[in-house]
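Enquirer: Protein chains in written order, with this note's numbering: chain P, 4 to 97; chain Y, 20 to 330. Pasting a structure here, questions to come.
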Amino acid sequence: MAGDKKTVFREFTVLNKYGIHARPAALLVKAAGKFSSEIFIGRKGMEVSAKSIMGLLTIEGHHGARITVRVVGLDAEEALAAIAALFENKFFEE
Amino acid sequence: MAITLKELVTSGAARLSLELIWGEGRMDREIEEKAINRPGLALTGFFQYFAQRRLQVFGLAEFTYLKSLTPEEREARLRGIFEKNVPAIIISRNRIPLPEIRALSEEYGTPLFRTGMITSRFINECTMVLEELTAPRDRVQGTMLEVMGIGVLLQGPAGIGKSETALSLIGRGYSLVSDDVTEMVRSGGRITASAHEMTRYHMEIRGVGIVHVPSLFGVSSIRRDAMLDIVINLHPYVNDAEEDRTGLHPSEIEILGVKVPYLTLPVSSGRDMANIVEAAALNYKLKLLGHDAAKELDEKVIGNFLRKAAN
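Right under this line is the structure:
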C-alpha cells in the first residue's frame, strides 16, 4: 500500500474584495486538478467540488464569507496546503 | 422543517397578495404545520381536533357566521381561537377585519393579514407556496439536459467530458438546464432540476472558458428547469467494468429519496457520447411507452430455444 486515504478539513474566510469570482474560481480549479484527492468547498451546508468552476461560483463566496474545505484522498494534506495558500494570499488579487 | 411568516410573505408576494394589518414585529413566527385551516367548527366552540398549528383563514362563511352572533358571543368564540396561539390569521376577499379580531390579534400577538383573493383560490395557492418552501432540495454535481422531453443528468469525474457531451447535444437541438451543478427539488414524488441562479444558462468548456449558452445557440438551447428522468454516469473505460451489457438489469440511484433509473456509460476515445446519451434517452422513452427492447429480444430467444428443445 502506497498510503492511506485521509480526510482533512479547514475553515477559511474570503479575504479578497471581489470574493470567489471567475478568476479565483479558476485558480482553485487549477490547484485542485493537480491532486488526486477529492476536494470539496462548502458554505452554509452546501458543498461543491473544487474541480468545478460552475460549482465554485454557486457557493457565493463573497468577501468575508466563511468557507469550509474538506479534502479526501491520498494527497489530502498537500492538496489542502495548496488551497490554503490561495485563500491566504487573497487569490493574488490585492 | 418549519417556515416563518416572513418567508411565506416574501415567496408568496406575487401569488398571495398578502397585506399585513397587524404584527410587523412578529414575522419570525413559525408556521409549524404547512397547511391551512378554516376555523368554522372552532368558531362554534368545538375545539376537538382543532388544527391550531396551521394558518387560519376566515372566509365568507366564517364572517357571516360571526355576524350572526351577539357581540359578547363573538368576542368569546374568537378569543377561544386566539388562545390556541395560532401562527397567523388571514382574512380573504379583502374584508375589513371585525374590530374584535383586530383587538384580539394585538392582545395575543397574533399577526393578522388580508388578501384580495377568494378563500378557495387562496387556500390552493398558499398550499402550493408552502409546499415549495418546504420541499426537500439538494445540490448535486452533474450537468442537466432535456433530450426529446427526457430529463437527463450527466454525472462523472471532473474532466470526463460532461460539458463537451452537453455541448454536442445542444448542437443537435436539445436544451441545457444546468452545467456541472444542478439544484434538485422534490415535489409529489418527482424531482425537478434547475440551475443555481448565479450560473444559470452558462457553461464552462475547457479551453474556451465560460460561455453564455443562449447567446451562442439561441433561446431554444436552454430550459429553466426539467423533470429528472434518468441519471447517466460517464466513467473512464475499463475492460472489466460491471456495466449492464444487456439492459435487462436496470440500476437505480436515489436522489432525495426518489429512485431514478441510472445508467453507466464507459467513455473511451472515439465513442461519440452525445450519440449514446441520445440513444439512452430514446430507449427510456420507448420503455415508458411499454416497449422494453432488451426484454422482448430475450423472450424471443428463450421462446425459440424452448421450441427447439421440445422437438
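For every residue, glycine included, the Cβ atom is placed at its ideal position computed from N, Cα and C.
(1) For the stretch 49 to 75 of chain P, list every residue whose C-beta sits within 7 Å of some C-beta in chain Y, in sequence order.
(2) Return yes when the Cβ of P:M57 is within less than 9 Å of the Cβ of Y:T218, no when it is not.
(3) Between the Cα of Y:I241 and those of Y:I55, Y:G168 and Y:L275, spot the shortest distance and give me the residue it belongs to.
(4) I'd like to check one pair, Y:I108 with Y:Q75: are the Cβ atoms closer than 9 Å?
(5) Which runs of the beta strand (DSSP E) spanning at least 3 residues fall entirely within the stretch 45 to 84 of chain P, listed in chain order?
(6) For the candidate residues Y:N323, Y:F82, Y:I100 and Y:R34, whose alpha-carbon lies nearest to that of Y:L117?
(7) Can you give the Cα-Cα distance for Y:G208 and Y:K278, rounded to whole angstroms?
(8) Report the neighbours of Y:Q160 on chain P: residues whose CB is nearer than 9 Å to its CB, in chain order.
(9) P:E96 to P:N19, Cα distance in whole Å?
(10) Name the DSSP bridge partner or partners of Y:H221?
(11) Output the distance between the C-alpha atoms of P:V74 and P:K37, rounded to the nearest integer angstrom.
(12) Determine whether the Cβ of P:L83 lies closer than 9 Å to any Cβ atom of chain Y.
(13) Are P:E91 and P:K9 close, meaning C-beta to C-beta below 9 Å?
(14) Counting Cβ pairs, one atom from each stretch, are 3 or more of them under 8 Å apart for the stretch 247 to 258 of chain Y and the stretch 139 to 154 of chain Y?
(15) How many Å lie between Y:M222 and Y:H215 at the Cα?
(16) Can you give me the start and stop residues for the beta strand (DSSP E) that P:L15 sits inside?
(17) Does the stretch 50 to 68 of chain Y come into contact with the stretch 28 to 35 of chain Y, if we say contact requires no fewer than three beta-carbon pairs (one atom in each stretch) closer than 8 Å?
(18) For Y:G99, report the span of its alpha helix (DSSP H) as first-last.
(19) Less than 9 Å between CB atoms is the rule here; does Y:I229 satisfy it with respect to chain P?
(20) Quick one: which residues of the stretch 22 to 38 of chain P get their C-beta closer than 9 Å to a C-beta of chain Y? List them in chain order.
(21) Compute the Euclidean distance between the alpha carbons of P:M4 and Y:I274, then round it to the nearest angstrom.
(22) Which value, in whole angstroms, describes the spacing of the CA atoms of Y:L97 and Y:R156?
(23) For the alpha helix (DSSP H) that contains Y:R140, what are its first and last residues?
(24) Pull up the DSSP beta-bridge partners for Y:E297, would you.
(25) What residues in the stretch 204 to 236 of chain Y bring their beta carbon closer than 8 Å to a beta carbon of chain P?
(26) Is it the case that the Cβ atoms of Y:G175 and Y:L253 are separated by a distance below 9 Å?
(27) If we define contact as Cβ-Cβ less than 9 Å, is Y:G175 a contact residue for chain P?
(28) Between the alpha carbons of Y:M163 and Y:E125, how many angstroms are there, rounded?
(29) Can you round the beta-carbon distance between Y:I272 and Y:V250 to whole angstroms, since I take them to be within the 8 Å contact cut?
(30) Would you list the residues sitting across from Y:H254 in a DSSP beta bridge?
(31) Determine whether the beta carbon atoms of Y:L188 and Y:A212 lie at a separation below 9 Å.
(32) Going by DSSP in three states, Y:K327 sits in which element: helix, strand or coil?
(33) Check whether the stretch 228 to 244 of chain Y and the stretch 299 to 306 of chain Y touch, using three or more Cβ-Cβ pairs below 8 Å as the test.
(34) Within a Cβ cutoff of 6 Å, which residues of the same chain sit near Y:T201, ignoring the five residues on either side of it in sequence?
(35) On a Cα-Cα basis, can you pick out the residue from Y:D311, Y:I295, Y:R112 and Y:F132 that is closest to Y:E43?
(36) Taking only three categories from DSSP, how would you classify Y:M167?
Expert: According to the data block:
(1) M49, V51, S52, K54, S55, I56, M57, G58, L60, T61 and E63
(2) Reading the second sequence from its first residue, position 199 is the one you call residue 218 of chain Y. Reading the first sequence from its first residue, position 54 is the one you call residue 57 of chain P. Closer than 9 Å, so yes.
(3) Position 222 of the second sequence, counted from the start, is the residue given in the question as residue 241 of chain Y. The residue with the shortest Cα to Cα distance from Y:I241 is Y:G168.
(4) To locate residue 75 of chain Y, count along the second sequence from 1; it is residue 56. To locate residue 108 of chain Y, count along the second sequence from 1; it is residue 89. Contact: yes.
(5) 49 to 52 and 69 to 76
(6) Along the second sequence, one-based indexing puts residue 117 of chain Y at 98. Of the candidates Y:N323, Y:F82, Y:I100 and Y:R34, the one whose C-alpha sits nearest the C-alpha of Y:L117 is Y:F82.
(7) The count along the second sequence starts at 1 and reaches residue 208 of chain Y at position 189. The count along the second sequence starts at 1 and reaches residue 278 of chain Y at position 259. Approximately 9 Å between the Cα atoms of the pair.
(8) Here residue 160 of chain Y refers to the residue found at position 141 of the second sequence. Near Y:Q160 (Cβ distances below 9 Å), the residues of chain P are V51, S52, S55 and G58.
(9) In the first sequence, the residue the question calls residue 96 of chain P occupies position 93. In the first sequence, the residue the question calls residue 19 of chain P occupies position 16. Rounded to the nearest angstrom, the two C-alpha atoms are 7 Å apart.
(10) The count along the second sequence starts at 1 and reaches residue 221 of chain Y at position 202. Beta-bridge pairing links Y:H221 to Y:H231.
(11) As a working mapping, residue 74 of chain P is identified with position 71 in the first sequence. As a working mapping, residue 37 of chain P is identified with position 34 in the first sequence. In a straight line, the C-alpha of P:V74 is about 13 Å away from that of P:K37.
(12) The residue given as residue 83 of chain P occupies position 80 in the first sequence. Chain Y, which has no Cβ nearer than 9 Å to the Cβ of P:L83, makes this no.
(13) Numbered from 1 along the first sequence, position 88 holds the residue referred to as residue 91 of chain P. Numbered from 1 along the first sequence, position 6 holds the residue referred to as residue 9 of chain P. Not a contact, by the Cβ cut-off of 9 Å.
(14) With a cut-off of 8 Å, the stretch 139 to 154 of chain Y and the stretch 247 to 258 of chain Y do not count as touching, because too few Cβ pairs lie within range.
(15) If you number the second sequence from 1, residue 222 of chain Y lands on position 203. If you number the second sequence from 1, residue 215 of chain Y lands on position 196. Spanning the two alpha carbons is a distance of roughly 12 Å.
(16) Residue mapping note: residue 15 of chain P aligns to position 12 of the first sequence, counting from 1. Reading off the sequence shown, one finds Phe at residue 15 of chain P, where the question assumed Leu. Start and end: K9 to T16.
(17) no
(18) Reading the second sequence from its first residue, position 80 is the one you call residue 99 of chain Y. Unbroken alpha helix (DSSP H) run through Y:G99: P90 to E102.
(19) As a first step, residue 229 of chain Y must be located in the second sequence, where it is residue number 210. By this cut-off, Y:I229 is an interface position.
(20) Taking 9 Å as the Cβ-Cβ cut-off against chain Y, the residues of the stretch 22 to 38 of chain P that qualify are A25, A29, V32, A35 and G36.
(21) Your numbering for residue 4 of chain P matches position 1 in the first sequence. Your numbering for residue 274 of chain Y matches position 255 in the second sequence. A caution first: P:M4 carries a pLDDT of 46, below 50, which makes its placement in the model too unreliable to give a value.
(22) Within the second sequence, residue 97 of chain Y is the residue found at index 78, counting from 1. Within the second sequence, residue 156 of chain Y is the residue found at index 137, counting from 1. Using only the alpha carbons, I get a separation of about 38 Å.
(23) Along the second sequence, one-based indexing puts residue 140 of chain Y at 121. Unbroken alpha helix (DSSP H) run through Y:R140: T138 to T153.
(24) Here residue 297 of chain Y refers to the residue found at position 278 when the second sequence is read from its first residue. Beta-bridge pairing links Y:E297 to no other residue.
(25) H215, M217, T218, H221, M222, E223 and I229
(26) The residue you call residue 175 of chain Y lines up with position 156 of the second sequence. The residue you call residue 253 of chain Y lines up with position 234 of the second sequence. Yes. Within cutoff.
(27) What you label residue 175 of chain Y is simply residue 156 of the second sequence in a count that begins at 1. No, Y:G175 does not count as interfacial toward chain P.
(28) Taking the first residue of the second sequence as 1, we reach residue 163 of chain Y at position 144. Taking the first residue of the second sequence as 1, we reach residue 125 of chain Y at position 106. Going by the C-alpha atoms only, they are around 50 Å apart.
(29) Looking up residue 272 of chain Y in the second sequence gives position 253. Looking up residue 250 of chain Y in the second sequence gives position 231. Yes, they are in contact, since the Cβ atoms of Y:I272 and Y:V250 sit about 5 Å apart, within 8 Å.
(30) Start at 1 with the first residue of the second sequence, and residue 254 of chain Y comes out as number 235. In DSSP, Y:H254 forms a bridge with Y:P285.
(31) Translated into positions along the second sequence, residue 188 of chain Y becomes position 169. Translated into positions along the second sequence, residue 212 of chain Y becomes position 193. Their beta carbons are not under 9 Å apart, which means Y:L188 does not touch Y:A212 by this criterion.
(32) Within the second sequence, residue 327 of chain Y is the residue found at index 308, counting from 1. Y:K327: helix per DSSP, three-state reduction.
(33) By the criterion of at least three beta-carbon pairs nearer than 8 Å, the stretch 228 to 244 of chain Y is not in contact with the stretch 299 to 306 of chain Y.
(34) What you label residue 201 of chain Y is simply residue 182 of the second sequence in a count that begins at 1. Within the same chain, Cβ atoms closer than 6 Å to the Cβ of Y:T201 are found at V159, G161, M163 and A212, the five residues on either side in sequence being excluded.
(35) Taking the second sequence and counting its residues from 1, one reaches residue 43 of chain Y at position 24. When only C-alpha atoms are compared, the closest one is Y:F132.
(36) Within the second sequence, numbered from 1, the residue matching residue 167 of chain Y stands at position 148. In this structure, Y:M167 counts as coil in the three-state DSSP scheme.
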